[in-house]
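Shown next, in structure tokens, is the structure this report addresses.
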Amino acid sequence: MSKKKKIKAWEQHYANAKEKEFYSTRRIDLLIISISGACIYIVFEILRFINSEGSKITGTPTILLKLSAILAVCAIIVNIFSQYWGFLANGYEARYSRAVINQIEENKDDNNELEVLDRKSRIYSFWTSLSNKVSIGLMLVGIVILVIYNFVTF
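This is the structure we're talking about:
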């Protein structure tokens, strides 16, 4: 492959990495935050209803409701970390692509820099993936607890 073709291929890879960096800030994270926020809102509304003067529900333990809200809040917090780590992972991937392009243009091999950038990208990608899974899990468990509470109570 010629030098120009290599550079063009890495330029495309760089552009894709930058696009992913932007996309990482608005992907499924919005869904998790929205659904978890709705879960928190529903919990507060149910608590307000239970504690209202006209409510016929008395002595209902609200620990499951509160647990559901706590899990939803934790899902949002973990999701924020996921967004940050995803941003860093894609940023290092973009820097990796730029470093490869620079090496091709300058006809030199500095694998140390590439290894460092690649390792950082992989580490942050791992944490992004793990925190996304944890966030989704927290959200789903919170919703299931909320649904169970509603079926048992109402």
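Numbering follows full-length UniProt numbering, with no gaps: position 66 of the sequence shown is 66. Where is the CB? At the ideal position from N, CA and C, for every residue including glycine.
The C-beta of Y23 has fewer than 16 other C-beta atoms within 10 Å across all chains shown, which makes the residue exposed. Contact check for Y96 and S55: beta-carbon distance about 59 Å, past the 8 Å limit, so the pair fails to qualify. Counting of Cβ neighbours within 10 angstroms places V147 among the exposed residues, the total staying below 16. Contact check between the stretch 109-124 and the stretch 70-82: fewer than three CB pairs, one atom from each, fall below 8 Å, which does not count as touching.
In this structure, I32 and I136 form a Cβ contact; the two beta carbons are roughly 6 Å apart against a cut-off of 8 Å.
Within the same chain, and ignoring the five residues on either side of W85 in sequence, the residues whose Cβ sits closer than 6 Å to its Cβ are Y124, W127, T128.
As the crow flies, the alpha-carbon of K20 is around 9 Å from that of A94. Around the beta carbon of G59, fewer than 16 other beta carbons sit within 10 angstroms, so the residue counts as exposed. Proximity to K6 across E106, S82, I42 peaks at E106, based on C-alpha coordinates. With a cutoff of 8 Å on beta-carbon distance, S68 and I145 are scored as near each other. G86 carries a helical assignment under DSSP once its states are collapsed to helix, strand and coil. Rounded to the nearest whole angstrom, the C-alpha separation of M1 and K133 is 40 Å. A direct Cα-to-Cα measurement between F151 and S34 gives close to 23 Å.
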